[in-house]
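Protein chains in written order, with the working numbering: chain A, 867 to 1191; chain B, 867 to 1191.
Down below is the structure, laid out as structure tokens.
There are 2 protein chains.
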Amino acid sequence: MTRIGILGYGNLGRGIELAIRQNADMELAAVYTRRDPSSVKIATDGVPVKPTADLEAGTEALDVLVIAGGSATDLPEQTPHFARLYNVVDSFDTHAHIPDHFAAVDAAAIEGGHVALISCGWDPGLFSLNRLYANCILPEGADYTFWGKGVSQGHSDAIRRIEGVADAKQYTIPVEAALDAVRAGKQPQLTTREKHTRECWVVLEEGADAAAVEREIVEMPNYFADYDTTVNFITQEELDANHAGLPHGGFVLRTGTSATGTPMTIEYSLKLGSNPEFTSSVLVAYARAVARLSQEGAAGCKTVFDIAPAYLSPNDPATLRAHLL
Amino acid sequence: MTRIGILGYGNLGRGIELAIRQNADMELAAVYTRRDPSSVKIATDGVPVKPTADLEAGTEALDVLVIAGGSATDLPEQTPHFARLYNVVDSFDTHAHIPDHFAAVDAAAIEGGHVALISCGWDPGLFSLNRLYANCILPEGADYTFWGKGVSQGHSDAIRRIEGVADAKQYTIPVEAALDAVRAGKQPQLTTREKHTRECWVVLEEGADAAAVEREIVEMPNYFADYDTTVNFITQEELDANHAGLPHGGFVLRTGTSATGTPMTIEYSLKLGSNPEFTSSVLVAYARAVARLSQEGAAGCKTVFDIAPAYLSPNDPATLRAHLL
Chain A
867 MTRIGILGYG NLGRGIELAI RQNADMELAA VYTRRDPSSV KIATDGVPVK PTADLEAGTE
927 ALDVLVIAGG SATDLPEQTP HFARLYNVVD SFDTHAHIPD HFAAVDAAAI EGGHVALISC
987 GWDPGLFSLN RLYANCILPE GADYTFWGKG VSQGHSDAIR RIEGVADAKQ YTIPVEAALD
1047 AVRAGKQPQL TTREKHTREC WVVLEEGADA AAVEREIVEM PNYFADYDTT VNFITQEELD
1107 ANHAGLPHGG FVLRTGTSAT GTPMTIEYSL KLGSNPEFTS SVLVAYARAV ARLSQEGAAG
1167 CKTVFDIAPA YLSPNDPATL RAHLL
Chain B
867 MTRIGILGYG NLGRGIELAI RQNADMELAA VYTRRDPSSV KIATDGVPVK PTADLEAGTE
927 ALDVLVIAGG SATDLPEQTP HFARLYNVVD SFDTHAHIPD HFAAVDAAAI EGGHVALISC
987 GWDPGLFSLN RLYANCILPE GADYTFWGKG VSQGHSDAIR RIEGVADAKQ YTIPVEAALD
1047 AVRAGKQPQL TTREKHTREC WVVLEEGADA AAVEREIVEM PNYFADYDTT VNFITQEELD
1107 ANHAGLPHGG FVLRTGTSAT GTPMTIEYSL KLGSNPEFTS SVLVAYARAV ARLSQEGAAG
1167 CKTVFDIAPA YLSPNDPATL RAHLL
């Protein structure tokens, strides 16, 4: 059995706990939290909730610690820190800072003799894998990534910070015409506005100025100003009834040509009922790989690019060759 | 530079020659043929065409020999034979015989201290990778593979062997309704007939009995009897003008649920203007990986499951992390 610890018990931590149940060779050893452990009720009977401080001696009986924190402030600190003490997996997703994060985690993991896997999930993660495979196979071509239809938690948060907004949910939606042009092999140059639209469902506080809120949303720099944005005002009851989930997904495409100019298209897509639950499933599969690599004596920081696919599976290589090849 | 030899110069051999041109770190060292080398005109100036016998001493200056033969009789003999002498890659695609082929090639490659990669291409190959990744991430779900729209060379050959047929091309076409049901997460049980249709374009010999030919096609066991098959009679000129290429493609889907029952769909698809040219591009990318693994001291038989994605790329890991992760 691969013994998994989870650090942090938000949406992602809960998702990891559930994903472990779908893998008979894995068990949840403990949940670690910065909150008062007695205040954290988890879904699995008989598994302890412990303070993060318990990890510090490096003596917890874990094969892999999955760090379920946020990329803004948690992971840049936690992942290097705990990579010295345990095999770790994180879902660091600030693309621009991946090289720095990798360097810090790699040094710590090598020092501690552990394996660390960073930036795991679906983007970065499965989408990255598909970009890499497609680029290697079609050296002459163009890459496209579209996200959605799905809930952007960052954009939903940005709307909720506006004065007069009680609650909100924002969906990122790929533009079908852009997807169709890419699929047709036209290799279009697409602006931000041409690739995605943004759809907002907003609950106003009593007496709020709807027109002012709408204007503030659609003109918000970075978040909305570069997109065609629609704003819909609804009641809290409607929001709760119709927009409670965290669905997401997207498309990775590469179109290119062979040396004779023959067109080729590679497309990968995800349609996810729950973004955090799916991300968790990816993290758990890669935790298995990390445990194995560590058993083989590996150390240092890895990404999904460095891990042979067979390491993710509970089945032995002969079974995989017979049934999935 | 990675020096590639090609054994066999049919559609696949020609495709490999062309794919090498799209990879600046690779060069074609020689083409080996069982025919009279002077009768084989290749597309690359200054590269020798040699008899297969020249390979026997194991002294050809090659980093990888890509074996471009057929799965029925060539590869079961050639790949184990040459894996003793060189690093090799093949596209063995008889799924049921992969375990036997692996065992024979593995023994030979270990004996010779070489790396062999078998069953590379898109199915087996990229489709296999997607089945594996999806199975590891969604342990509870169902797999579907659809092929087409594309030319099945085996089925086209079967039609051409019928008395009264001068020429023919057969397209395998996925049934849209079945694809839609799978995408909707319904996990349907699909019969052979429900998944694919077969479309035949047939040129009759003068005086042939069209009705008899059509009946013989649609009733042919294994090839057509289990499918809804349409037969169209056309002239040789029409066949040459409209059905000259070898397009192919297909879809790999896995639909499943998280532990809470939330639906998830993973879909991968290829739309290929030329089946042999795309297969060749995959073989060349994996030849790079084989050369590297050999340089690292590896030996034995591998499949796409055993090779970390980064090995396929000409770019270094830091570049990949910065640009594709």
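The C-beta atom is built at its ideal place from N, Cα and C for all residues, glycine as well.
- At a cut-off of 7 Å, the C-beta of B:Ser905 has no neighbouring C-beta in chain A.
- Under the 10 Å beta carbon count, A:Gln1055 is surrounded by fewer than 16 other beta carbons and is classified as exposed.
- For B:Glu1133, there is no enclosing alpha helix (DSSP H); the residue is found in the beta strand (DSSP E) stretching over Pro1129 to Leu1138.
- Cβ-Cβ distances below 7 Å link B:Ala1165 to Ala975, Ile976, Gly979, His980 and Val981 in the same chain, with the five nearest sequence neighbours on each side left out; the list follows chain order.
- Judged by DSSP secondary structure, A:His1114 falls within the beta strand (DSSP E) whose first and last residues are His1114 to Thr1123.
- Taking 7 Å as the CB threshold, B:Asp1172 lines the interface with chain A.
- Looking at the DSSP output, A:Cys1066 sits in a beta bridge with A:Gln1036 and A:Val1097.
- B:Ile933 is bridged by DSSP to B:Leu873 and B:Asp956.
- A straight-line Cα-Cα distance of about 20 Å links A:Ser1147 and A:Ser1160.
- As computed with DSSP, B:Ala982 is found in a beta bridge with B:Val954 and B:Cys1167.
- Counting along the chain, A:Val1048 sits inside the alpha helix (DSSP H) bounded by residues Glu1042 to Arg1049.
- The beta carbon of B:Phe1117 is closer than 6 Å to those of Phe1012 and Ser1135 in its chain, skipping five residues each way along the sequence.
- Within the region 994 to 1025 of chain B, the residues whose Cβ lies closer than 7 Å to any Cβ of chain A are, in chain order, Ser994, Leu995, Arg997, Leu998, Tyr999, Asn1001, Cys1002, Ile1003, Leu1004, Pro1005 and Glu1006.
- Among the CB atoms of chain A, one or more fall inside 7 Å of the CB of B:Ser985.
- Distances from the CA of B:Ala927 to each of B:Tyr1093, B:Glu1082, B:Tyr898 and B:Asp959 were compared; the closest alpha carbon is that of B:Tyr898.
- Taking C-beta atoms under 8 Å as the contact rule, A:Ile886 and A:Ile870 qualify, at a distance of about 6 Å.
- DSSP places B:Tyr999 within a helical segment (H, G or I) once states are collapsed to three.
- For B:Gly1073, the closest Cβ of chain A is not nearer than 7 Å.
- DSSP, read as helix, strand or coil, puts B:Thr1058 in helix.
- Per the DSSP secondary-structure output, B:Thr910 pairs with nothing in a beta bridge.
- When DSSP states are grouped into helix, strand and coil, A:Gly1030 belongs to the coil group.
- Within its own chain, the residues whose Cβ lies closer than 7 Å to the Cβ of A:Val1041, once the five positions on either side in sequence are excluded, are Glu1060, Lys1061, His1062 and Thr1063, listed in chain order.
- Closer than 7 Å at the C-beta level to chain B, one finds these residues of the region 1117 to 1143 of chain A: Ser1124, Ala1125, Thr1126, Thr1128, Pro1129, Met1130, Thr1131, Ile1132, Glu1133, Tyr1134, Ser1135, Leu1136, Lys1137, Leu1138, Gly1139, Ser1140 and Glu1143.
- At least one CB atom of chain A sits nearer than 7 Å to the CB of B:Asn889.
- Shown here for A:Glu1085: same chain residues with a beta carbon closer than 6 Å to its own, the five before and five after excluded, namely Ala1091 in chain order.
- In terms of Cβ geometry, A:Cys1167 and A:Val971 form a close pair [threshold 7 Å].
- Excluding residues up to 5 positions away in sequence, Ala970, Val971 and Ala974 lie with their Cβ nearer than 6 Å to the Cβ of B:Pro946 in the same chain.
- For A:Lys1137, the number of other beta carbons within 10 angstroms of its own is at least 16, and it is reported as buried.
- For B:Phe1144, there is no enclosing beta strand (DSSP E); the residue is part of the alpha helix (DSSP H) that begins and ends at Asn1141 to Gln1161.
- Residue range Gln1102 to Asn1108 is occupied by the alpha helix (DSSP H) that includes A:Glu1103, with no beta strand (DSSP E) assigned at that position.
- Per DSSP, B:Phe948 is one residue of the alpha helix (DSSP H) stretching across Asp940 to Ala949.
- Excluding sequence positions up to five before and after B:Glu1006, its CB lies within less than 7 Å of the CB of Gly1122 and Thr1123, all in the same chain and listed in chain order.
- Around the Cβ of B:Pro990, a 10 Å sphere holds 16 or more other Cβ atoms; the residue is buried.
- The region 1147 to 1158 of chain A makes contact with the region 953 to 970 of chain A: 3 or more CB pairs, one atom from each, lie closer than 8 Å.
- In the DSSP secondary-structure assignment, B:Asp1009 is bridged to B:Arg1120.
- For A:Thr1145, same chain residues with a beta-carbon under 7 Å away, outside a window of 5 residues either side, are Leu878, Gly881, Ser957, Gly987 and Trp988 in chain order.
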